[in-house]
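Report on one structure; see the data block that follows.
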Amino acid sequence: MRTRNVFMPDPDTPNTANPIHSTEGARSRGFRGALVGGATVYGWAVDAIVESLGEAWLDHGWADVRFRRPVYPTDTLDISISSSGVLDIAANDTCCVEGSVGLGDAPWQDELQDSDEPVPQPAPAPLPPLTPQSVPVGQSLRARRFAVSLAESEAFCRDKQNEASPLFFGPHARLHPAWIASQPIFLLHHSFAYGPAIHTASRIAHMARSRSDQFVTVTGRCIDAFERKGHQYIVNDATLLDSANAPFARIRHTAIYQLKET
Numbered sequence: 000m001r002t003r004n005v006f007m008p009d010p011d012t013p014n015t016a017n018p019i020h021s022t023e024g025a026r027s028r029g030f031r032g033a034l035v036g037g038a039t040v041y042g043w044a045v046d047a048i049v050e051s052l053g054e055a056w057l058d059h060g061w062a063d064v065r066f067r068r069p070v071y072p073t074d075t076l077d078i079s080i081s082s083s084g085v086l087d088i089a090a091n092d093t094c095c096v097e098g099s100v101g102l103g104d105a106p107w108q109d110e111l112q113d114s115d116e117p118v119p120q121p122a123p124a125p126l127p128p129l130t131p132q133s134v135p136v137g138q139s140l141r142a143r144r145f146a147v148s149l150a151e152s153e154a155f156c157r158d159k160q161n162e163a164s165p166l167f168f169g170p171h172a173r174l175h176p177a178w179i180a181s182q183p184i185f186l187l188h189h190s191f192a193y194g195p196a197i198h199t200a201s202r203i204a205h206m207a208r209s210r211s212d213q214f215v216t217v218t219g220r221c222i223d224a225f226e227r228k229g230h231q232y233i234v235n236d237a238t239l240l241d242s243a244n245a246p247f248a249r250i251r252h253t254a255i256y257q258l259k260e261t
């Protein structure tokens, strides 16, 4: 088991991109403090996953995670992985994240759907609001292409994840799995305005070695949308491609895009 102190820079600073990650924004929705992002929390398990499965997991491995309880900036996390790949992240003896990890192709990988609009497009101005009436189930999302410099990748690891592993620094640095897991969020924001939002689950398949200092293209498709306990959920599939247009990760991302009114 590994223990990790939760790290969140400036939780009291207003977060216009997603107010749920700020103290004031989260409290206005009934939480006791700023919520740490799900992809960030998942990223803190990477050291334990690599210790259990080896570096090969970063290049050809998978994770299936569900975020069960909020994680707050004052929490201390206990991270464990069983011999069969069961992942558990707990705070104060309460499970916050549960799931499983493994090597090779994911057992659900063939279920992930491709976009039929792979050519990057600019975001519309202004962005249309994401609502139950506009949610694009069965449709592709606008692809986006952008550069990821080594400096940006290292800054993400250092400033966002408090990461120190040499696997993610230097000329041969990989892109951090937390960065990979977060990309469907930015893909949806490339097509719609929405929030505050809460990341609830991810299925992540690493297909090839990722690296910084290149252009990355993210494509995706909206798979499903539904209501549960007054919250509006969206399920999107995303594919991450490198500068040679070869896929290196595929993701199914589930999130609440519209919280129940309190």
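Numbered according to numbering that gives the first Met the number 0, the sequence shown spans residues 0 to 261.
Positions of the beta carbon are idealized from the N, C-alpha and C atoms, including for glycine.
Residue pairing by DSSP places ARG208 opposite no residue, since no beta bridge is assigned to it.
Residue pairing by DSSP places PHE225 opposite TYR232 in a beta bridge. Contact between SER114 and SER148 does not hold, since their C-beta atoms are separated by about 25 angstroms, which reaches or exceeds 8 angstroms. Excluding its 5 nearest sequence neighbours in each direction, SER209 has C-beta neighbours in its own chain below 6 angstroms: ARG173, LEU174 and PHE247, listed in chain order. Taking 8 angstroms as the upper bound for CB-CB distance, GLN182 and VAL234 are not in contact here, some 15 angstroms apart. Given a length threshold of 4 residues, each whole run of the alpha helix (DSSP H) inside the region 43–84 is given here in chain order: 45–52 and 55–58. With a cutoff of 9 angstroms on beta-carbon distance, ARG202 and TRP107 are scored as near each other. Our two residues, PHE167 and GLU54, have alpha carbons roughly 12 angstroms apart in a direct line.
Per DSSP, ILE184 has no beta-bridge partner at all. 9 angstroms or more divides the Cβ of THR238 from the Cβ of LEU34.
In the DSSP assignment, ALA142 forms a beta bridge with PRO119. Around the beta carbon of ASP9, fewer than 16 other beta carbons lie within 10 angstroms, which makes this residue exposed.
Inter-residue distance for PRO195 and VAL49 is about 32 angstroms (C-alpha atoms, whole angstroms). Judged by DSSP secondary structure, LEU149 falls within the alpha helix (DSSP H) whose first and last residues are 149–154. Secondary structure note for ALA25: it is in no beta strand (DSSP E), and the uninterrupted alpha helix (DSSP H) holding it is 22–26. A direct Cα-to-Cα measurement between SER51 and ILE250 gives close to 22 angstroms.
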